[in-house]
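Participant: Sequences listed follow chains A and B, in order.
Here the numbering used here is used: position 129 in the first sequence is 577, and no number is missing along the way.
Here the numbering used here is used: position 113 in the second sequence is 561, and no number is missing along the way.
Got a structure here, written out as structure tokens. Questions coming.
2 protein chains.
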Amino acid sequence: MKIAVDAMGGDFAPEAIVEGVVMAAAELSEQVSIVLIGKQSVIQELLQKHDVSAVANIELVNADDIIEMSEHPTKALSQKPNSSIGVGFKLLKDGQVNAFCSAGNTGAMHVGALFSIKAIEGIIRPCIAGFVPQITGGHAVMLDIGANADCKPEMLAQFGEVGSIYAQYTFGIERPRVALMNIGSEEQKGSLVAQAAHQLLKESRRINFIGNMEGGDFFAGKADVIVTEGFTGNTMFKLGESFYSTAKQRGISDEFLDKTNYESVGGSPILGVNGNVIIAHGVSSPLAIKNMISLAIRQVESDAYTKIAQALS
Amino acid sequence: MKIAVDAMGGDFAPEAIVEGVVMAAAELSEQVSIVLIGKQSVIQELLQKHDVSAVANIELVNADDIIEMSEHPTKALSQKPNSSIGVGFKLLKDGQVNAFCSAGNTGAMHVGALFSIKAIEGIIRPCIAGFVPQITGGHAVMLDIGANADCKPEMLAQFGEVGSIYAQYTFGIERPRVALMNIGSEEQKGSLVAQAAHQLLKESRRINFIGNMEGGDFFAGKADVIVTEGFTGNTMFKLGESFYSTAKQRGISDEFLDKTNYESVGGSPILGVNGNVIIAHGVSSPLAIKNMISLAIRQVESDAYTKIAQALS
């Protein structure tokens, strides 16, 4: 198994990325190697600080260009085929790597996935999934957390199905409990989109829909899959992550609140595309990168995207 | 000044309500009295447990009916004019009380306000404001937190103006910083409604618009007024409140996290109507009721609703 990582993407790239990759490499099984994509000379210099044995399972692939965080995704991708993101998607599309991860321009990652490996047939819109730690243990899969600010009810219903398959295969949860984020427990509550989505989710035979959940249930362990529009999902997800930074500012250290730290999972998969694509926070630290690689490995092993494609075919 | 309180509304009514009113009464200045509305015999029995002097500034007004939490707001209000909520709005409309507070049926409180004291002329839709504790001190006013699940951009722009006036007069903040909750800092980010609202807020000369804020800034002290649709506002506000219960479950006690407890403010005003109407959580405890009464007094003193009406005229 080969996991490709964009060495040049992120606010602290390439240093933090290479550091995280080296941390991950120390724990990899023999079957896994990491493909670092970026300016070869820069990466080599950073890797040379480490023992040869410590970086033996890291391969380099050169990419001369970088897509900056502020660049327009579609324009940047077409103008810079030799950017680390462009090269990453080429490797992924050609089957030379099993997953591609980046902390760089999120829009470029999304567009790159759509243009290279493409959306799974039948998927209305791919989405981004976030992992919400639950106080009862484990994580809930929340989707969408930002790819689609405006959603149609049919998209939310599909997020429920996609999230359910992902939770089943990647987290090993039998019959995942799927809930719709809403502003009341009754089915007639909420926005027009949420009301219509509730009916579609209720009618779906492919999922175990448990009804609406409210904002206060976010960490409460009531659901395995949380369905919401990208706008609400993004704002809630970031608020949830801020529990960690707020607690830290208050000098509080707690095992559960520590899990709300973005670093503890490190990445968010784009779901509904024909391959494993994982994006990370721009501010990603080495620990976040290391954990993102663990997630990528788990996702490749679970083969969730093939299961999603099978379910939709 | 007279503050009317619905004795019969809320999951733990009338006991918790009466208890909270007695707590508040102990700290009232001479100019303030509380008008308790509900079944006279029941309330009298509860008040008799206290010294006569402790309840001297509490008046009773009888109301034979109760609107249950599950009842349809409009239907219940027309069929039960002698309900505690119906009587409360009659007193408020007739100018016999300066504010009306209830932990009962939120929909009935909203509809009751619209039917009795009515929306201020020029207000597109009244909204509900929530108070978000800020780690830098004080609270931000967030609106809407649930009255309008779907909003038009013009509504969001107006929430900005209403919230700004409220923050100025009730919290004494000069030129309140107004921010739009969004999923990115750039103005072209977000849902179609958020994008259009951003432009309207930017063009408004009545407010100090500081741009978008993100979910992670919720507690960060970046804004005094947080503008958002009722759907996102409600889910985020409830998630923010869950910080307290999550911390408590983890055995954490902290001065700031304690402020995320709904009890610490106790109530949410309906803004954009011709009077002071405050609603509280159904689960309200005596402490929450006591704090809701403090908020009502502050709001009456600030005369914010008149200032809002003047600004719109």
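Virtual Cβ for every residue (Gly too), placed ideally from N, Cα, C.
None of these values were measured; they are calculated from a predicted model.
Does DSSP classify B/Ile674 as helix, strand or coil?
Facilitator: Strand.
Participant: Buried or exposed for B/Ala524, going by 16 or more other Cβ atoms inside 10 Å?
Facilitator: Buried, since its Cβ has 16 or more Cβ neighbours within 10 Å.
Participant: Could you check which residue in B/Asp706, B/Asn530, B/Ser733, B/His646 has the C-alpha nearest to that of B/Asn656?
Facilitator: Checked all of B/Asp706, B/Asn530, B/Ser733, B/His646; the closest Cα to B/Asn656 is B/His646.
Participant: Nearest CA to the CA of B/Phe548: which residue from B/Ala455, B/Val673, B/Ser701, B/Thr584?
Facilitator: Ranking the options by Cα distance to B/Phe548, first place goes to B/Ala455.
Participant: Out of A/Ile593, A/Tyr617, A/Ala551, point me to the one whose CA is closest to A/Phe607's CA.
Facilitator: Among A/Ile593, A/Tyr617, A/Ala551, the Cα nearest to that of A/Phe607 is on A/Ile593.
Participant: So, are the CB atoms of A/Leu484 and A/Val500 less than 7 Å apart?
Facilitator: Contact: no.
Participant: Just verifying my parser: in three-state terms, what is the DSSP assignment at B/Ser532?
Facilitator: B/Ser532 falls in the helix class under three-state DSSP.
Participant: CB-CB under 7 Å to B/Thr680, same chain, minus the five flanking residues each way: which ones, in chain order?
Facilitator: Hits under 7 Å: Met629.
Participant: Just the Cα atoms here: how many angstroms apart are A/Ser652 and A/Phe666?
Facilitator: About 23 Å.
Participant: Any C-beta of chain A within less than 8 Å: which residues of the region 579-609 of chain B qualify?
Facilitator: Cβ contacts with chain A: Ile583, Gly594, Ala597, Asp598.
Participant: By the criterion of Cβ-Cβ separation under 8 Å, what are the contact partners of B/Arg573 in chain A?
Facilitator: Those do not exist, as B/Arg573 stays about 14 Å from chain A at its closest Cβ, beyond 8 Å.
Participant: Can you tell me which of the three DSSP states B/Asn630 falls into?
Facilitator: Looking at B/Asn630 - three-state DSSP - the assignment turns out to be coil, as it is neither helix nor strand.
Participant: Can you list, in chain order, the stretches of the alpha helix (DSSP H) that have 4 or more residues and sit fully within the region 452-482 of chain A?
Facilitator: DSSP runs (the alpha helix (DSSP H)) wholly in the region 452-482 of chain A: 463-473.
Participant: Which first and last residues belong to the beta strand (DSSP E) in which A/Gly578 is found?
Facilitator: Note, A/Gly578: beta strand (DSSP E), 575-581.
Participant: Please identify the residue among A/Val509, A/Gly555, A/Ala567 whose C-alpha is closest to the C-alpha of A/Gln488.
Facilitator: It is A/Val509 whose Cα lies nearest to the Cα of A/Gln488.
Participant: Mind checking which residues open and close the alpha helix (DSSP H) that includes A/Asn739?
Facilitator: Taken as a continuous stretch (DSSP letters only), the alpha helix (DSSP H) holding A/Asn739 covers 734-750.
Participant: At a Cβ threshold of 7 Å, is A/Thr708 touching chain B?
Facilitator: A/Thr708 does not count as touching chain B.
Participant: Are any of the Cβ atoms in chain A nearer than 7 Å to that of B/Met684?
Facilitator: It does: the Cβ of B/Met684 has a partner Cβ on chain A nearer than 7 Å.
Participant: Would you identify the three-state DSSP class for B/Pro717, choosing helix, strand or coil?
Facilitator: Strand at B/Pro717.
Participant: List the residues of chain B that A/Gly715 touches, going by C-beta distances under 7 Å, in chain order.
Facilitator: Result: empty, since nearest Cβ-Cβ is about 17 Å, beyond 7 Å.
Participant: For B/Ala744 versus B/Glu711, is the C-beta spacing smaller than 7 Å?
Facilitator: No, the pair does not count as a contact, with Cβ atoms beyond the cut-off.
Participant: For the region 497-515 of chain A, list every residue whose C-beta sits within 7 Å of some C-beta in chain B, in sequence order.
Facilitator: Residues passing the 7 Å Cβ filter: none.
Participant: For the region 611-636 of chain B, list every residue whose C-beta sits within 7 Å of some C-beta in chain E, in sequence order.
Facilitator: Here chain E cannot be found, since the structure's protein chains are A and B.
Participant: Using alpha carbons as the reference points, say which of A/Val453, A/Ala452, A/Asp459 lies closest to A/His729.
Facilitator: Closest option to A/His729, Cα to Cα, is A/Asp459.
Participant: Pull out every residue of the region 640-667 of chain A whose Cβ sits closer than 9 Å to any Cβ of chain B, in chain order.
Facilitator: Within the region 640-667 of chain A, the qualifying residues are Leu640, Val641, Ala642, Gln643, Glu662, Gly663, Gly664, Asp665, Phe666, Phe667.
Participant: Distance check for A/His587 and B/Gly664, CA to CA, integer angstroms please.
Facilitator: The straight-line gap from Cα to Cα measures roughly 19 Å.
Participant: Using a Cβ distance threshold of 8 Å, determine whether the region 715-725 of chain B contacts the region 576-587 of chain B, with at least three qualifying pairs required.
Facilitator: Contact between the region 715-725 of chain B and the region 576-587 of chain B is present, because at least three Cβ pairs lie under 8 Å.
Participant: Under 7 Å, Cβ to Cβ, is there at least one residue of chain B near A/Leu719?
Facilitator: Chain B contact via Cβ: absent.
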